[in-house]
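Q: Numbering (the UniProt record's numbering), first residue to last: 1 to 139.
We put the CB at the ideal spot given by N, CA and C, even for glycine.
Before I ask anything, let me first share the structure, which is written out below as structure tokens.
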Amino acid sequence: MAKRVSARRVKVHRQYTYESAADALGVTAHTVRAWREVGLAVLDSQKPHLILGRELKRFIESRMSTKSRKLALDEFYCMSCRAPRAPYGAMADYVPFNTTRGRLVVLCGVCETPCNKFVSFKMFSELIEILTIATRDRC
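Structure representation (structure tokens):
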């Protein structure tokens, strides 16, 4: 699984080598070198290559903003489709996890693969107006 890197660790007025950027972010130097191939701007006219702090921060923030997306109330993330999907037939099963939370299990509306989403009791009461929800015991 990919590691989440925080752009807050980068100082915008500093220059980084691959190794110092890796140390600051908690990744390997090879990872930082690989980012160069996918769009990280590097000053490579001399050795060691330098990375401007503001460019490193911009790169990390742009990658993080494309990866995370808030799902709508009636959307579930399908791992097979790799996209947010509406449930098949607007039906869901609710499996209580504890007294305040539970898990909704639905089928993807496109590929019919099972999808899960943890919901609070408050969110459950909002979803009951949108979806047909059957409650079942813990598995």
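1) So, for CYS81: in the same chain, excluding its five sequence neighbours on each side, which residues have a beta-carbon less than 8 Å away from its beta-carbon?
2) Just the C-alpha distance for LYS122 and THR99, rounded to the nearest angstrom, thanks.
3) Report the option in ALA29, ALA21 and MET79 whose CA atom is closest to the CA atom of LEU52.
4) Can you list, in chain order, the residues of its chain whose CB lies under 6 Å from that of ARG14, leaving out five sequence neighbours each side?
5) Measure the alpha-carbon distance for MET1 versus ILE60 and round it to whole angstroms.
6) Compute the distance between the beta-carbons of ILE133 and ASP74, then report whether it is under 7 Å.
7) Hey, would you say ALA29 sits closer than 7 Å to TYR16, going by beta carbons?
8) Could you check if ALA92 is buried or exposed, using at least 16 other CB atoms within 10 Å of its CB as the buried criterion?
A: Concretely, from the data shown:
1) CYS108, VAL110, CYS111 and THR113
2) Cα to Cα, the separation comes out at about 12 Å.
3) ALA21
4) GLY53
5) With a pLDDT of only 38 at MET1, under the threshold of 50, the placement of this residue in the model should not be trusted; the figure read from the coordinates follows. Their Cα atoms are separated by approximately 17 Å.
6) With contacts defined as CB atoms closer than 7 Å, ILE133 and ASP74 fail to qualify as a contacting pair.
7) no
8) buried
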